[in-house]
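Taken in sequence, the protein lines are chains A and B.
For what it's worth, our numbering labels the leading residue of the first sequence as 143, then goes sequentially.
For what it's worth, our numbering labels the leading residue of the second sequence as 143, then goes sequentially.
Glycine included, C-beta positions come from ideal geometry on N, C-alpha and C.
Values in this document were obtained by computation on a predicted structure and should not be read as measured data.
Number of protein chains: 2
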Amino acid sequence: MNDVARLAGVSQTTVSFVLNDVEGANIPPETKDRVLAAVKELDYRPNALARGLRSSQTHTIGFVTDRIAITPYAVRTLEGAQDLAWANGYLLLLVNTGGDQRLKQIAVDMMLERQVDGIIYATMYHRPVKPPANMLEVPAVLINCYTDDHSIASVVPDEVLGGRTAVETLLQKGHRRIGFALDSNPVPAAVGRLVGYKQALAASNIPFDPNLVQTAESIASGGYQATMALMSLPDPPTAIFCYNDRMALGAYNALRDLNLAIPDDIAVIGFDNQELIAADIAPPLTTMALPHYEMGQWGVQYLLQLIENPEQTQQNPPIQHILPCPLIERASV
Amino acid sequence: MNDVARLAGVSQTTVSFVLNDVEGANIPPETKDRVLAAVKELDYRPNALARGLRSSQTHTIGFVTDRIAITPYAVRTLEGAQDLAWANGYLLLLVNTGGDQRLKQIAVDMMLERQVDGIIYATMYHRPVKPPANMLEVPAVLINCYTDDHSIASVVPDEVLGGRTAVETLLQKGHRRIGFALDSNPVPAAVGRLVGYKQALAASNIPFDPNLVQTAESIASGGYQATMALMSLPDPPTAIFCYNDRMALGAYNALRDLNLAIPDDIAVIGFDNQELIAADIAPPLTTMALPHYEMGQWGVQYLLQLIENPEQTQQNPPIQHILPCPLIERASV
DNA sequence: TTAAATTACTAATACGTATTAGTAATTCCT
DNA sequence: AGGAATTACTAATACGTATTAGTAATTTAA
């Protein structure tokens, strides 16, 4: 900046004023042009460290996650966050901790050392978390997770509505006996979708039959087992709602082994919209999409509000935002 | 640091010496303990901006990519890079540009403003690139891509060896007529794998039959078409090598429609090891894995060498590292 | 015993910016 | 015409650290 000032024949202060477009500085256009010309001439690039040191903001956001790539579609959270940050002139500082609590602590410390303006904490599965305490030294938002006391702003998918929508889709096609191949782990997604399943049935005055809910591991083999169990019922379902697309893939395998055609003999609906599975199998799978990209966007957008407008944004208790899961119609219903 | 110094009854210089373990500073253990106690007492955390400003290194690496999430398994590149950076006390500053050349330029500028110690440029598909010129102001490494003049260090997968290994696997099982469902785009992966296909045949003295190579779009429907074309040959193959797992999924669909059993009637081998597809379909798909995680690791590891040991590491011409694609045996061969 | 070397520190400074408090010179108002 | 207001700047400083060049006090070597 001093070099630029010298070349333009002004002071470093003036250069700073010009580059930051400081109002009330009264720099006439000719001077501005001279400075800008010098900037171009010298190929000057500001030093964000010095700027950050002086103004104590870095336009950088820390993004902490337990495991980036374990579920591919969840990477879209990162993408949504990155896109929105980028659109606002922010960059993301990334750490995935692999789930180790001590690492999380250290990760946040490293980010705080680098003076991030805020921190996003995202999990790949929807679940409760205990984020490291030091995270609260700056504005923070949780994505796809929440603390039990809801003391931190968060975004999560609407599992209940998602489950209800899936089942309502089947009901609308005339199905009355609807099986549910459910994750045996009582994670928030499983609990919520089951609530939605029951809500939809109740709204159509269909009694809940516990035999129609078969739990298993939430992978293809689990979907296979659950489907086999459902189809061996004395009064088997005409449609199966699968907890996720992996289980739906298992259901496809099972129904093929039973010589049942989808969707003619039996309808299948999934959850997650894992494109590589859902769009490519035969027939293409109708499924519910998780709003990962949108959660990433919302998280960063809200974080930026917290950063730039703390008083107006901060709510008490902190906001818990819920995003719907859109239905992706293909050919399996 | 001044607060710590005051509490410990020493100068800020001494605190700096203690915290950085400066050799030749001759700080006796008692003084060290006093300083460390003050650090703990005050919960002191160094300011990385000030440190970076003074010492001109930030322990931060820029990671630029065209599109993070388009191919889920490719996210493992990011994961490998992040893990190795983390292990060495570095953090990753992330941008995905969506492929816009101007954005790349700006992205790199934003990273340079933040004084990154080096830059990784990664693409999700193996291909030639023209990285922005300003990237070379700091040490740089390309992952899964290369410049035509090979003027920048890079890591790429060994497509030729991968193709050869896939075909050799089929040859070893006794197959003599091996179809190839190939991407119709002449991208490096397609070209390389075809070379490997020919090499393997030649090594077994099997003449190359152009009819056995059917090109199509590298998605499930393309795999379906190519498989149908291959199987309607007067002398159809007994095994099909698919350019990628998505095409293999299409091949599965086609073979099912033809009432052919895998692997009894016909063997199928894929490429990419997209776990969600390969492991979950019936039968599980034998495929070649791309070394994404390893490329990410190698890229950062080499970049750190470039940063910390420029003279010893720098080669002329720059190193072009090639990583093998391991065979993942499942049940389709 | 005394000069030289070592030990255990500290004062001062630079890194590159943003910002505050000013100051001449000009313009405006009555 | 003369004071007030405005314009167009600049000098100086602080942000928090790492590093250089020292300096007293103590220990060692001859």
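query, result
"DSSP bridge partner residues for alanine 323 of chain B (one or two, in chain order)", "B:Gln356 and B:Cys384"
"Where proline 452 of chain A sits in the DSSP three-state scheme", "helix"
"Continuous beta strand (DSSP E) stretch holding methionine 430 of chain B: start and end", "428–431"
"Stretch pair the segment 455–463 of chain A + the segment 288–301 of chain A: three plus CB contacts closer than 8 Å", "yes"
"Strand pairing of valine 298 of chain A, partner residues [DSSP]", "A:Ile464"
"Proximal residues, the segment 453–465 of chain A versus chain B, C-beta separation under 8 Å", "none"
"Interface partners of valine 160 of chain A on chain B, CB under 7 Å", "Here the premise fails: no neighbours, minimum Cβ distance about 17 Å."
"Residues near tyrosine 444 of chain A in its chain [Cβ-Cβ closer than 8 Å; skip 5 each side]", "Val283, Ala295, Val297, Thr455, Ile461 and His463"
"Paired residues, beta bridge with proline 270 of chain B - DSSP", "B:Tyr288"
"Residue nearest to arginine 196 of chain A in terms of C-alpha spacing, selected from B:Arg244, B:Ala190 and B:Gln199", "B:Ala190"
"Distance between leucine 432 of chain A and proline 468 of chain A (C-alpha atoms, nearest Å)", "7 Å"
"8 Å Cβ cutoff, arginine 187 of chain A in contact with chain B", "yes"
"Spatial distance of methionine 430 of chain A from asparagine 347 of chain B (CA atoms)", "51 Å"
"Integer Cβ distance of alanine 249 of chain A from threonine 239 of chain A, believed to fall under 8 Å", "5 Å"
"Partner residues on chain A for asparagine 395 of chain B, Cβ-Cβ distance less than 7 Å", "Ala424"
"Where the alpha helix (DSSP H) containing aspartate 175 of chain B begins and where it ends", "171–184"
"Own chain partners of glutamate 436 of chain A with C-beta closer than 7 Å, once the 5 adjacent residues on each side are dropped", "Gly222 and Leu465"
"Supposed contact pair glycine 305 of chain A and alanine 381 of chain A - C-beta distance, whole angstroms, cut 8 Å", "Not really, about 14 Å apart at Cβ, beyond 8 Å."
"Helix, strand or coil at tyrosine 215 of chain A [DSSP, three-state]", "helix"
"Within-8 Å CB hit, glutamate 359 of chain B to chain A", "no"
"Pairwise C-alpha distance: aspartate 377 of chain B and leucine 354 of chain B", "10 Å"
"At least three beta-carbon pairs within less than 8 Å, the segment 357–365 of chain A to the segment 392–408 of chain A", "yes"
"Beta-carbon contacts of phenylalanine 159 of chain B that lie in its chain and below 7 Å, excluding the five residues immediately before and after", "Ala167 and Ile169"
"From A:Pro273, A:Gly412 and A:Ser153, residue whose alpha carbon lies closest to that of glutamine 247 of chain A", "A:Pro273"
"Among B:Ala275, B:Val442 and B:Val177, nearest to leucine 149 of chain B - alpha-carbon criterion", "B:Val177"
"Per DSSP, the bridge partner or partners of alanine 167 of chain B", "According to DSSP, alanine 167 of chain B bridges with nothing at all."
"Bridge-paired residues (DSSP) for glycine 204 of chain A", "A:Leu235 and A:Ile261"
"Beta-carbon neighbours of aspartate 251 of chain B, restricted to chain A and to distances below 9 Å", "Arg187"
"Neighbour flag for leucine 418 of chain A against chain B, beta carbons, 8 Å", "yes"
"Where leucine 469 of chain B sits in the DSSP three-state scheme", "strand"
"Residues in the segment 431–446 of chain B having any Cβ partner in chain A nearer than 8 Å", "none"
"C-beta atoms of threonine 202 of chain A and valine 258 of chain A nearer than 8 Å", "yes"
"Local Cβ density within 10 Å of glutamate 301 of chain A, reported as buried at 16 or more and exposed below that", "buried"
"Glutamine 412 of chain A - containing beta strand (DSSP E), residue span", "The question names glutamine, yet the displayed sequence has glycine at residue 412 of chain A. From DSSP, the beta strand (DSSP E) with glycine 412 of chain A extends over 409–414."
"Cβ separation of asparagine 230 of chain A and leucine 448 of chain A, assumed to be a contact under 8 Å, to the nearest whole Å", "At roughly 13 Å, the Cβ-Cβ gap does not stay under 8 Å, so asparagine 230 of chain A and leucine 448 of chain A are not in contact."
"Simplified DSSP assignment, three categories, for alanine 421 of chain A", "coil"
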